[in-house]
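First up is the structure itself, then whatever we jot down about it.
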Ligand code: 5U1
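In the numbering used here, the protein residues as written are 760 to 1429.
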């Protein structure tokens, strides 16, 4: 705005930026795109560069100091920072409530200001005439560390309060924490750099706030919720704690949106249960809730015992972390063949349930956390989340504790275990044979693009396996009418239809058969390339990894998967039994001689009547044609069935030749 004087423009830019920062960081309701915010910010930066005498410490550009501290200086709290007593059960809460009622000589219900208890770090912010002057950690409650530089980097904390009726000196108390998303990101970055991860968001918040270099703090995602005023007398006119909090909010300070006012023990317990259910979905960690007597005169009357007030209490959720011993480490095989190491633990009560197993996810995790049998470990169970091992308790390692090694053979079926270089997940290579992978391999085998066994859906596969009518894919071809008809919801008619479909599926193409075997990373296109290249299953089965890599689009990873699959004797056995059952495909040699469509690209649209689109595609590809998904100038023919879509119009515009179903049949017959 060129008409404004620099000082005025600077003033309005600061107001604008503070407003949008408040919308974004405190209310979570941004009104402008980030790019617009950045533009305004840069304009202010530029003006302040031109007029350095106009820079003030509460300017949005002054959040990050660039000088690391040599050490933190001490800060003395004029009003001590208290801690809270905890209660862990309804009975303990009742005792707290009765003590307060007795001391106040009341028999009416007490109202409480309730809010979540965040798992972070207590801090005090001192505002003088509305300007953030100092900030300190709790320390021993009387003396803490001066962390002003670092607190200034937290965007949701205003450098200057909004409004104007603030006390000359305001001592705001609250919790600095790291939201779950910021914590995940921080640990992900640590993993990428092979650095040590933080065990939990609390440690991450504490570690980030206690950095001597504020630029490091600024790079971490920290937030704060204010929950009290230290110098309560400064808030003269207010009579309840909840009103004080509302006033803090109006001054632009960040407060937890989950706060509420509740009545009596029942109100407290309802709030506790509601927050317990919400806990997992909240974007930050909480470890309980806090109830504070709402009337400020009653707070005064109740006073303190030792370092904790009698007017407030933290009601803690059952511990989410506990220490226990690793009794064994076993490997579970998932339905896709992935091996997951699982720690068998000395049972421990954590997060409200007894935990005796914890997932270790994969071997990378075992190696990174350096877990061994006999170790004492920290277990975490957050809500419904699967329990996990957070870390080994330092110094708990027993002499001669062996390193955990990946088993060479699948614990379920004994097939070789394969772990690709650079991959975290190890897998059983007995895909066709392994009981853990049974259902998935049969479902895939029967699917439309594989053997296309009509009527053999996922549910029926599950029934057949659960009722022990089949174990492996080849058993499908030994099923008798009664094996199927006697299943629940199956009659003779559907059973004989299924037998007919099984019979029909015995005539297949080599590429479909390869695809149906469910080799890892071998999709339809790779199966087709393998079939074309080797021409026979025997040649493919005997191919070395080097041979396999000469096939177009087959890289070292796919080659290894294919090689291991066919070198697993269990898989070979089943393939042999499938062939004995009568599965066959046309001789590839004969097909290879007819490559009349080589060099042509086809697109298929609409419904064909004589064959499915997949069949048409396979037939065109068998004659050397390419089949693409969309029409372009390079398309040779658009094959058009019933109810074609927009592809037909596009082909017309581009002058692409159109082929109806009869034309296609003729072309294929040529
Ligand atoms: N939510 C909340 N956490 N927390 C911690 N309120 C709260 N109050 C506290 C503490 C230590 O102390 C009061 C005595 C102000």
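All C-beta atoms in this analysis are idealised placements derived from N, C-alpha and C, irrespective of residue type, glycine included.
By alpha-carbon positions, which one of the options ends up nearest to residue i?
{"i": "residue 1212", "options": "1331, 1320, 1342", "result": "1342"}
{"i": "residue 947", "options": "1371, 1124, 1402, 1061", "result": "1124"}
{"i": "residue 1129", "options": "1105, 1088, 1109", "result": "1088"}
{"i": "residue 1068", "options": "861, 842, 1047, 912", "result": "842"}
{"i": "residue 826", "options": "1000, 897, 972", "result": "972"}
{"i": "residue 1423", "options": "1389, 914, 1361", "result": "1361"}
{"i": "residue 1396", "options": "1382, 1381, 1409, 1415", "result": "1415"}
{"i": "residue 937", "options": "982, 1010, 1203, 976", "result": "982"}
{"i": "residue 1285", "options": "1295, 942, 1321", "result": "1321"}
{"i": "residue 1045", "options": "852, 1135, 1056, 959", "result": "959"}
{"i": "residue 1159", "options": "1184, 1172, 1132", "result": "1132"}
{"i": "residue 1337", "options": "1191, 1184, 1206, 1317", "result": "1191"}
{"i": "residue 1198", "options": "1310, 1426, 1232", "result": "1232"}
{"i": "residue 1109", "options": "1077, 1290, 1055, 962", "result": "1077"}
{"i": "residue 1166", "options": "1172, 1176, 1157", "result": "1176"}
{"i": "residue 1288", "options": "877, 1297, 1274, 1301", "result": "1274"}
{"i": "residue 1260", "options": "1214, 821, 1222, 849", "result": "1214"}
{"i": "residue 892", "options": "1222, 899, 884", "result": "884"}
{"i": "residue 1196", "options": "1095, 1380, 1009, 886", "result": "1095"}
{"i": "residue 1011", "options": "922, 839, 926, 1161", "result": "922"}
{"i": "residue 1344", "options": "1392, 1178, 1304, 1294", "result": "1294"}
{"i": "residue 1008", "options": "791, 1229, 1097, 785", "result": "785"}
{"i": "residue 1365", "options": "1075, 789, 1375, 924", "result": "1375"}
{"i": "residue 1384", "options": "1391, 1426, 1016, 851", "result": "1426"}
Need the endpoints of the alpha helix (DSSP H) that residue i sits in, please.
{"i": "residue 1424", "result": "1420-1428"}
{"i": "residue 739", "result": "Look at the range of the chain in this structure, 760 to 1429, and you will see that residue 739 is not part of it."}
{"i": "residue 1264", "result": "1251-1264"}
{"i": "residue 1319", "result": "1315-1326"}
{"i": "residue 1193", "result": "Counting along the chain, residue 1193 falls outside any alpha helix (DSSP H), and DSSP gives it neither H nor E."}
{"i": "residue 1100", "result": "Where residue 1100 is concerned, there is no enclosing alpha helix (DSSP H), although the beta strand (DSSP E) it sits in stretches over 1097-1109."}
{"i": "residue 1243", "result": "1240-1244"}
{"i": "residue 1023", "result": "1023-1037"}
{"i": "residue 1236", "result": "Premise fails: residue 1236 is in no alpha helix (DSSP H) and is neither H nor E."}
{"i": "residue 853", "result": "849-863"}
{"i": "residue 1340", "result": "Neither: residue 1340 is in no alpha helix (DSSP H) and is coded neither H nor E."}
With respect to 7 Å, is the separation between the Cβ of residue i and the closest non-hydrogen atom of the ligand 5U1 below this value?
{"i": "residue 1068", "result": "yes"}
{"i": "residue 780", "result": "no"}
{"i": "residue 1021", "result": "no"}
{"i": "residue 1054", "result": "no"}
{"i": "residue 783", "result": "no"}
{"i": "residue 1174", "result": "no"}
On the DSSP letters alone, give me the boundaries of the beta strand (DSSP E) that residue i sits inside.
{"i": "residue 1046", "result": "1045-1052"}
{"i": "residue 833", "result": "833-835"}
{"i": "residue 969", "result": "Looking at the DSSP string, residue 969 is not in any beta strand (DSSP E), and its letter there is neither H nor E."}
{"i": "residue 826", "result": "Taken as a continuous stretch (DSSP letters only), residue 826 belongs to no beta strand (DSSP E), as it is neither H nor E."}
{"i": "residue 933", "result": "928-936"}
{"i": "residue 875", "result": "870-877"}
{"i": "residue 894", "result": "890-896"}
Which word fits residue i, buried or exposed, when buried means at least 16 other C-beta atoms lie within 10 angstroms of its C-beta?
{"i": "residue 1005", "result": "exposed"}
{"i": "residue 1353", "result": "exposed"}
{"i": "residue 1072", "result": "buried"}
{"i": "residue 1272", "result": "buried"}
{"i": "residue 1267", "result": "buried"}
{"i": "residue 1188", "result": "buried"}
{"i": "residue 779", "result": "buried"}
{"i": "residue 801", "result": "exposed"}
{"i": "residue 992", "result": "exposed"}
{"i": "residue 1147", "result": "buried"}
{"i": "residue 1100", "result": "buried"}
{"i": "residue 1168", "result": "exposed"}
{"i": "residue 906", "result": "buried"}
{"i": "residue 836", "result": "buried"}
{"i": "residue 771", "result": "exposed"}
{"i": "residue 887", "result": "exposed"}
**OP:** Give me every residue whose Cβ sits closer than 6 Å to any heavy atom of the ligand 5U1, in chain order.
**Re:** 841, 842, 843, 874, 876, 881, 932, 934, 986, 987, 1049, 1068, 1071
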